[in-house]
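Heads up: the structure comes next, in structure tokens.
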Amino acid sequence: MADTTRIHTVARLSVPALLALLAALASLGPPGAARAQSPSAARTLPVSPAASAPAPAAPRSTKSTLGCLISPERVADVGSPVVGVVAEITVDNGTSVQAGQPLVVLRSDVEQAGLQAAQARSAIEADVHAAKANLMLAHQRHARAVELVGEGFVSPQAVEQARAERDVADQKLQQARGQQEVSQQELRVVQAQLGQRTVRSPFRGVVVERFVNAGERVEDKPLLRLAMLDPLRVEIVMPASRWGSVAVNHMLSVVPELPGAGPMAARVTHVDKIIDAASNTFRVRLSLPNPGNRLPAGARCRVDEPGLSATSLPARGSL
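The numbering of the sequence shown is this note's numbering, which starts it at 17 and goes up by one.
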């Protein structure tokens with residue numbers, strides 16, 4: 017009778033309720049399955065603290081690196097303003113030179129002869145001395161005529177003639193002095209022409225390359241290439257997001273990518289006023305002191321500054 021009651025009860029259930037009941041009975045499994053499980057399997061395996069603890073995160077650098085390039089402050093291809101033949105070269109590659117130091121001497125036989133002639137002309141003072149003596153005599157004649165005209169021994173016309181002779185003598189003295197000044201100017205011109213036969217260093221630096229040898233004729237090609245290595249010039253490329261973070265006279269730390277090189281202080285000398293639209297960057301120029309030419313030009317470097325994002329410098333031969 018009890019089984020008949022259960023059957024009628026199950027029959028009265030709806031189809032969704034029956035499906036839910038069957039799913040619940042299936043999840044319970046066969047009777048006694050939970051008791052059949054071994055006690056050893058119920059125990060959990062021990063876990064080491066090192067395996068359970070999360071791995072520490074790698075430390076993040078607080079500084080970003082900005083690439084830069086060290087180049088000479090100034091590079092010049094030194095040439096001759098005149099055409100000539102090289103007579104002597106006083107320097108070679110790697111020679112340190114000072115401003116105004118002779119580098120190349122051209123043949124100057126003609127200029128030397130012209131200088132001697134100009135010196136001789138400028139040294140002549142006979143014309144000036146003669147004009148001075150003539151003027152003094154004219155002054156005396158005029159003064160004597162003035163005295164005699166008062167005594168009635170000479171006519172007023174004689175006094176006028178003496179005054180005219182005095183004025184002419186004065187003009188001849190001025191002409192002689194002017195000619196002497198012209199001779200001095202000609203001497204300076206010849207000296208300047210002779211000076212052009214000696215090529216001098218325009219600044220203090222190092223000879224990078226020599227293009228000519230003694231005996232070669234020079235016209236419009238350069239003779240030597242010089243580079244100024246103290247101070248050095250450092251140029252970096254900054255993203256536009258760093259605009260306004262640096263200004264002229266700011267000090268930045270520059271680390272050359274050379275063995276044993278440490279951080280060096282460099283002063284900002286120029287900041288571009290225009291942002292390059294294609295790369296969204298701008299350039300900053302620094303001056304790096306290099307006493308004794310300890311650092312070579314052309315080396316790569318980096319600038320460590322808090323908050324800077326890394327920007328690679330385009331490869332170029334010279335900045």
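Idealized CB from N, CA, C, for every residue including glycine.
Interface flag, residue i vs chain D, CB-CB below 7 angstroms
{"i": "glutamate 141", "result": "Absence of chain D from the displayed structure is noted, only one protein chain being present."}
Same chain only: Cβ atoms within 6 angstroms of residue i, ignoring 5 sequence neighbours per side
{"i": "aspartate 186", "result": "Leu151"}
{"i": "serine 138", "result": "Ser199, Gln200, Leu203"}
{"i": "valine 98", "result": "Gln212"}
{"i": "valine 250", "result": "Cys84, Ile86, Val270, Ala282, Leu302, Leu304"}
{"i": "isoleucine 252", "result": "Leu82, Cys84, Val300, Val319"}
{"i": "isoleucine 291", "result": "Ala256, Phe298"}
Endpoints, alpha helix (DSSP H) assigned at residue i
{"i": "leucine 336", "result": "Nothing about residue 336 can be reported from this structure: the residues present for the chain run from 17 to 335 only."}
Unbroken beta strand (DSSP E) run spanning residue i, endpoints
{"i": "valine 224", "result": "221-226"}
{"i": "arginine 216", "result": "214-216"}
{"i": "aspartate 246", "result": "240-255"}
{"i": "leucine 311", "result": "Per DSSP, leucine 311 belongs to no beta strand (DSSP E) and is neither H nor E."}
{"i": "proline 388", "result": "Only positions 17 to 335 of the chain appear in the structure, and residue 388 is not among them; the question remains open."}
Residues of its chain near residue i, where Cβ-Cβ distance is below 8 angstroms and the 5 sequence neighbours each way are ignored
{"i": "proline 65", "result": "With a pLDDT of only 44 at proline 65, under 50, the local geometry of the prediction cannot be trusted, and no value is derived from it."}
{"i": "alanine 57", "result": "Since pLDDT at alanine 57 reaches only 40, below the 50 mark, its modelled position is unreliable, and the value read off the structure follows with that caveat. Excluding residues within five positions, none has a Cβ falling inside 8 angstroms."}
{"i": "glycine 95", "result": "Val215, Val234, Asp236, Lys237, Pro238, Leu239"}
{"i": "valine 262", "result": "Met254, Leu268, Val284, Val287, Val300"}
{"i": "glutamine 156", "result": "none"}
{"i": "glutamate 273", "result": "Ala315, Arg316, Cys317, Arg318"}
Cut-off 7 angstroms between Cβ atoms - residues of its own chain near residue i, not counting five sequence neighbours on either side
{"i": "arginine 265", "result": "Note that residue 265 is asparagine in the sequence shown, not arginine. Hits under 7 angstroms: Arg283, Val284."}
{"i": "proline 247", "result": "Glu89, Ser303, Leu304, Pro305, Asn306"}
{"i": "alanine 281", "result": "Met267, Ser269"}
{"i": "glutamine 117", "result": "Arg216, Ser217"}
{"i": "alanine 161", "result": "Val170, Ala174, Val175, Ala178"}
{"i": "glutamine 132", "result": "none"}
{"i": "glutamine 114", "result": "Ser217, Arg220"}
Reference residue i, options the options, closest by Cα
{"i": "leucine 245", "options": "Cys84, Pro88, Gly83, Thr81", "result": "Pro88"}
{"i": "glycine 278", "options": "Pro218, Arg258, Val319", "result": "Val319"}
{"i": "glutamine 191", "options": "Arg160, Asn109, Glu163, Lys148", "result": "Lys148"}
{"i": "glycine 15", "options": "Ser80, Val228, Glu176", "result": "Outside the displayed range of the chain (17 to 335) lies residue 15, so it cannot be described from this structure."}
{"i": "proline 275", "options": "Gly308, Thr297, Arg316, Arg299", "result": "Arg316"}
{"i": "leucine 82", "options": "Pro312, Thr297, Val107", "result": "Thr297"}
{"i": "leucine 189", "options": "Ala133, Ala136, His158, Leu153", "result": "Leu153"}
{"i": "glycine 130", "options": "Arg301, Ile252, Gly211", "result": "Gly211"}
{"i": "glycine 314", "options": "Val224, Ala230, Val262, Val300", "result": "Val224"}
{"i": "serine 14", "options": "Glu163, Val271, Ala161, Gln135", "result": "Since the displayed the chain opens at 17 and closes at 335, residue 14 lies outside it and no answer follows."}
{"i": "leucine 122", "options": "Ala230, Ser295, Gln135", "result": "Ala230"}
{"i": "isoleucine 105", "options": "Thr111, Val120, Val113, Glu273", "result": "Val120"}
{"i": "glycine 308", "options": "Gln135, Arg220, Ala134", "result": "Arg220"}
{"i": "valine 107", "options": "Asp292, Arg226, Leu311, Ser295", "result": "Arg226"}
{"i": "asparagine 109", "options": "Ala136, Ile290, Val222, Pro172", "result": "Val222"}
| field | 4 or more residues per run - each alpha helix (DSSP H) lying fully within the region 104-152 | value | 125-139
| query | For the region 274-302, which segments carrying the beta strand (DSSP E) assignment without a break, of at least 3 residues, lie completely within its bounds, in sequence order? | reply | DSSP runs (the beta strand (DSSP E)) wholly in the region 274-302: 280-287.
| query | Is there contact between the region 179-193 and the region 207-224, where contact requires at least three CB pairs shorter than 8 angstroms? | reply | no
| query | Okay, do the region 242-259 and the region 83-101 touch, 3+ Cβ pairs below 8 angstroms being the bar? | reply | Three or more Cβ pairs drawn from the region 242-259 and the region 83-101 lie within less than 8 angstroms of each other, which places the two stretches in contact.
| message | Within 8 angstroms, do at least three Cβ pairs link the region 119-131 to the region 245-265? | response | When Cβ pairs closer than 8 angstroms are counted between the two stretches, the region 245-265 is seen not to touch the region 119-131, the count staying below three.
| request: Count the CB pairs spanning the region 136-147 and the region 185-200 that are closer than 8 angstroms, and state whether there are at least three. | output: Segments in contact, yes.
| message | Does the structure place the region 152-167 close enough to the region 231-238 that three or more beta carbon pairs sit under 8 angstroms? | response | A contact is defined here as three or more CB-CB pairs under 8 angstroms, and the region 231-238 fails this definition with respect to the region 152-167.
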